[in-house]
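Undergrad:
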Amino acid sequence: MKPVSIKYILVESFNNIVRNKVLFITSIFTVCVTILLMGVVGILLMNVSYNSDTMMEEMLNITVYVIPEADEKTLNDVQDVLINDPHVADIKYISQLEAYEASKELVGEEIMEELGHDFLPASFIVKLDDVTYANIFVRKMVAMSNIYEVKYSSEAYERAGSISYTIRYVCGILTGLLGVLSLFLISNTIKITVSTSKEEVTIMRYIGASEARIKAPFYLQGGFIGFLGAIISFIIAGFGYNYIYTRLEGSLSEYIGALELVPVSQMLLVLLGVFMLYGIVLGILGSFFAIRKYLKA
Amino acid sequence: MIDFNNVSMIYKSGTEALHAVNFHIDPGEFVFITGKSGSGKSTIIKLLMREERQTSGDIFVNGYDLFNLSRYDLPHYRRRLGVVFQDCRLLMNKTVYQNIEFAMEIIGESNRTIKQVVPKLLHMVDLEGKEKSFPDELAGGEQARVALARAIANAPDILIADEPTGNLDPKTSVEIVDLLYKVNQLGTTVLVVTHDTRIVDRLQQRVIRLQGGKIASDTEGSIYENEACEY
């Protein structure tokens, strides 16, 4: 697009905003409230997720015991299967000797010497990247002939899976509902801007302006509403979270064990990205619906 | 340049606005289209602007087959037309200069060209010194001049004027028609839809007279000496 066209689109978008400034400010405010509500939900969910990850990390280890008589090739075969599994995030190998040494400390040296150092099977401690995959993984390992036993806490997995599912489900529904509300509001603002610019659009069409040139200022205006709403929400949410973090950090663990908040810098980065993306996409989508309905060629 | 071949137009309501209309307009011609209300004058403009598509027959303008004109080609086609509406349709929130600039800006003309052309147009329509005025600060004739300047800003091949003197007093009407004639003398094909007998008589150009959606006559010079009372 020629620079003069870009200038035209920018100037027209600005004029549209000035012409409907009350409506524009109202839209930004409502988008801001919507994004903030989503942000509060997001901050809560991120912290729940952050802590549930920390708490369950230890519980979510799966121990795969290889048959005691397994030779080096068998061990390598099992290791290959684990390495090639896309959901395996981490593997730690415990040899028969290491298991023997560890058990000596637990049950006593005499007993273990009687049983012999090859009595205990070698094992792999596996971490998965997706808790919902645990049952499938365990069934796959048990089905292998050279696996002696697979130990894991199915209850912990199910709980983790359920929490993870609930978080996604709640987050999805809330984001969806708030998104629809924002879309409606932005679309309504653009609809009114379109109706106040109807004469101008008619003349543009008579003169031979392309549809892209006619519609671009309205898309830009929607995107700008979303962008400004996102920026304001980010500033409010960022300051708010920083305040809460400063007040609660340190004192939180006194009351609720090992709980800790997501660090401010990490939270701000996520909020900035999500708010911007959400705001701008919503703005442009809102414009799209209004333009499709009220600016037919 | 403009070819109407057996063009008929029946609106969705069932009204037949044009019936088997045939005419040809050469480049550089000045043509009046006249007729009573409901004779089909406005329909011809709508078809030329491609606001409507004919029910049957063919229309060719500047090499474009209007019935089969794609949505992509429509803006390109319209850029070669200039239109002056009876109500001028100026943008009230823009100054005289900005109204003309707007027409050039939206088809992507460079700032440099705009700055060169707009003053020349203002000089041509005798509106120098009114650049910063808003349309509601202008008299009817001045508004018509702005509309004319905007219509020719992109140097169209064809200028269509729909009742350009409809709301003007006789003296101003003459001034506007003289301007239209001046544009024609510079090489633009001009098509004026009017029922104003004075301006038709003044210019003595080709007149296509419509009656009930059909061409009643297609003559050179005035046709009103004996029929003025009809209008």
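Sequences listed follow chains A and B, in order. Using the working numbering, the letters of the first sequence map in sequence onto residues 1 to 297. Using the working numbering, the letters of the second sequence map in sequence onto residues 1001 to 1231. Glycine included, C-beta positions come from ideal geometry on N, C-alpha and C. Bear in mind the structure is a predicted one, so any value in this text is a computation, not a measurement.
Along the alpha helix (DSSP H) that carries Asn1093/B, what are the first and last residues, could you check?
TA: Per DSSP, Asn1093/B belongs to no alpha helix (DSSP H) and is neither H nor E.
Undergrad: Please tell me whether Arg213/A has its Cβ less than 7 Å away from any Cβ of chain B.
TA: So, interface residue.
Undergrad: Pull out every residue of the segment 184-214 of chain A whose Cβ sits closer than 9 Å to any Cβ of chain D, in chain order.
TA: Among the protein chains in the structure shown, which are A and B, there is no chain D.
Undergrad: Starting from Ile67/A, follow the alpha helix (DSSP H) in both directions and report where the run begins and ends.
TA: From DSSP, Ile67/A is part of no alpha helix (DSSP H); its letter is neither H nor E.
Undergrad: When you measure from the CB of Lys1094/B to every non-hydrogen atom of the ligand MG, does any distance come out below 6 Å?
TA: For the ligand MG, the structure offers nothing, since it holds no ligand at all.
Undergrad: Closer than 8 Å is the cut-off here; do at least three beta carbon pairs connect the segment 1095-1106 of chain B with the segment 1148-1155 of chain B?
TA: Because the criterion of three Cβ pairs below 8 Å is met, the segment 1095-1106 of chain B and the segment 1148-1155 of chain B touch.
Undergrad: Ignore the nearest five residues each way along the sequence and tell me which others in Ala1228/B's own chain have a CB closer than 8 Å to its CB.
TA: Bear in mind that the predicted position of Ala1228/B carries a pLDDT of just 43, short of 50, making it too unreliable to give a figure here.
Undergrad: When you compare the CB positions of Gly286/A and Ser187/A, do they come within less than 7 Å of one another, or not?
TA: Yes, they are a contact pair.
Undergrad: Candidates Met141/A, Val31/A, Ile83/A, Leu75/A: which alpha carbon is nearest Gly229/A's?
TA: Checked all of Met141/A, Val31/A, Ile83/A, Leu75/A; the closest Cα to Gly229/A is Val31/A.
Undergrad: Whole angstroms are fine: how far does the CA of Leu1168/B sit from the CA of His1123/B?
TA: One C-alpha to the other measures close to 21 Å.
Undergrad: Could you list which residues in chain A have their beta carbon closer than 7 Å to that of Met1001/B, in chain order?
TA: Ordered by position in chain A, no residue passes the 7 Å Cβ test against Met1001/B, which lies about 18 Å from the chain.
Undergrad: Confirm, please, whether the CB-CB distance from Ile91/A to Leu300/A is below 7 Å.
TA: Here chain A covers residues 1 to 297 and nothing more, so residue 300/A does not appear.
Undergrad: CA-CA distance, Arg205/A and Asn242/A?
TA: Their backbone Cα atoms lie some 51 Å apart in a straight line.
Undergrad: Would Asn20/A and Thr202/A qualify as a contact pair, given that the criterion is a beta-carbon distance under 7 Å?
TA: Taking 7 Å as the Cβ cut-off, Asn20/A and Thr202/A do not qualify as a contacting pair.
Undergrad: According to the Cβ coordinates, are Ile1160/B and Val1083/B closer than 7 Å?
TA: Cβ atoms of Ile1160/B and Val1083/B: closer than 7 Å.
Undergrad: Distance, Cα to Cα, Leu1047/B vs Ser1039/B?
TA: If I take the Cα positions, the gap works out to 14 Å.
Undergrad: So for Glu1016/B, helix, strand or coil by DSSP?
TA: Three-state DSSP puts Glu1016/B in a strand.
Undergrad: What residue ranges within the segment 183-263 of chain A form continuous alpha helix (DSSP H) runs of no fewer than 4 residues, ordered along the chain?
TA: Entirely contained in the segment 183-263 of chain A, the alpha helix (DSSP H) runs reaching 4 residues are, in chain order, 198-207, 211-248, 251-255.
Undergrad: Is there a Cβ of chain A sitting closer than 7 Å to that of Ile1107/B, yes or no?
TA: Yes, its Cβ sits closer than 7 Å to a Cβ of chain A.
Undergrad: Return the chain-ordered list of same chain residues with a C-beta closer than 6 Å to the C-beta of Ile207/A, the five sequence neighbours on each side being excluded.
TA: Excluding sequence neighbours, Ile207/A sits near nothing in its chain.
Undergrad: Would you mind working out which of Asn146/A, Thr26/A, Phe137/A sits nearest Ser75/A, comparing C-alpha positions?
TA: Here residue 75/A turns out to be Leu, not Ser, going by the sequence shown. Among Asn146/A, Thr26/A, Phe137/A, the Cα nearest to that of Leu75/A is on Asn146/A.
Undergrad: Counting only beta-carbon separations shorter than 7 Å, does Leu1091/B have a partner in chain A?
TA: With 7 Å as the cut-off, Leu1091/B counts as an interface residue toward chain A.
Undergrad: When we look at the beta-carbon of Gly1213/B and count the other beta-carbons within 10 Å, is it buried (16 or more) or exposed?
TA: It counts as buried.
Undergrad: Under 6 Å Cβ to Cβ from Ala216/A, same chain only, skipping five residues before and after it: list those, please.
TA: Contacts found: Ile9.
Undergrad: Taking just the CA atoms, how far does Ile67/A sit from Glu109/A?
TA: C-alpha separation (whole angstroms): 23 Å.
Undergrad: Counting only Cβ-Cβ distances shorter than 8 Å, please list the residues of the segment 1115-1140 of chain B near chain A, keeping chain order.
TA: Going along the segment 1115-1140 of chain B in chain order, one finds no residue with a Cβ nearer than 8 Å to chain A.
Undergrad: When DSSP labels each residue in this structure, what does Met1001/B get in the three-state scheme?
TA: If DSSP states are grouped into helix, strand and coil, Met1001/B belongs with coil.
Undergrad: So with CB distances below 8 Å, who are the chain A contacts of Ala1076/B?
TA: It is His, not Ala, that sits at residue 1076/B in the sequence shown. Going along chain A in sequence order, the residues near His1076/B (Cβ under 8 Å) are Gly208.
Undergrad: Quick check on DSSP: helix, strand or coil for Met1235/B?
TA: In the structure displayed, chain B extends from 1001 to 1231; residue 1235/B sits before or after that span and is not available.
Undergrad: Would you give the residue range spanned by the alpha helix (DSSP H) that Ile136/A belongs to?
TA: Run containing Ile136/A: 134-142, per the alpha helix (DSSP H) assignment.
Undergrad: Can we say the segment 26-46 of chain A touches the segment 113-124 of chain A, given the rule of at least three CB pairs closer than 8 Å?
TA: Verdict: no, contact absent.
Undergrad: Going by the DSSP bridge assignment, what does Ser1217/B pair with across the sheet?
TA: Paired residue(s): Arg1209/B.
Undergrad: I'd like to know if Arg1053/B contacts chain A, where contact means its C-beta is closer than 7 Å to some C-beta of that chain.
TA: No, Arg1053/B does not count as interfacial toward chain A.
Undergrad: Out of curiosity, what's the CA-to-CA distance linking Leu1203/B and Leu1081/B?
TA: When rounded, the distance between both Cα atoms is 22 Å.
Undergrad: Interface residues of chain A around Arg1079/B at Cβ under 8 Å?
TA: Here the neighbours are Ile207, Gly208.
Undergrad: Distance check for Gly176/A and Thr166/A, CA to CA, integer angstroms please.
TA: Distance between the alpha carbons of Thr166/A and Gly176/A: 15 Å.
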